[in-house]
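Residues 11 to 130 in our numbering are what the sequence shown spells out, letter by letter.
Backbone N, C-alpha and C define an ideal beta-carbon position, used for all residues, glycine too.
Inspection log for the structure reproduced underneath, given as structure tokens.
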Amino acid sequence: KAQGAPWVGRKALLAEKPSCVLTVEENGNALRVVLKSLSASDTTFYMDADPVECKTKNTTFMDTATVVDGKVVLTRVNKDGKLVIERSLSEDGSKLTAVSTYTFNKDGKSVSMTQHFERV
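In structure tokens, the structure reads:
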């Protein structure tokens, strides 16, 4: 196991080819994110709005979204910690980079991952 994840699960995640569709809605005040992967989701985030409760398979988060320096920043807080996902487009709009960092409440330690998506 690496970071508590079993070998089979790690290999499955590494082999998948996720797709992510971002749609700007509500005159630019909302972002809809549709992720098709092993952990598929379809969520609409409203910029600079009050936190919204979002339930996943295993937990409940309070989500907020904002734009910082041209990046869409989603902050998800639950009882165990905080997940911050920063999404940014390349200058030509052909690549999306998502950097996810989870910080644990119990010890303040963090883990991060970076995903790269290409327009097809």
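- The secondary-structure analysis by DSSP pairs arginine 86 across a beta bridge with Asp73, Leu93.
- For aspartate 52, the uninterrupted beta strand (DSSP E) segment begins and ends at 51-56.
- Spanning the alpha carbons of threonine 54 and leucine 41 requires a straight line of approximately 6 angstroms.
- A buried status is given to arginine 97, since no fewer than 16 other beta-carbon atoms sit within 10 Å of its beta-carbon.
- Per DSSP, reduced to three states, the secondary structure at alanine 40 is strand.
- Inclusion of asparagine 88 and threonine 70 in the CB contact set at 8 angstroms is warranted, their separation being smaller than that value.
- Among the bridge pairs identified by DSSP, glutamate 101 is matched with none.
- Taking leucine 93 as the centre and dropping the five residues before and after it, the same chain places the C-beta of Arg86, Tyr112 closer than 6 angstroms to its C-beta, in chain order.
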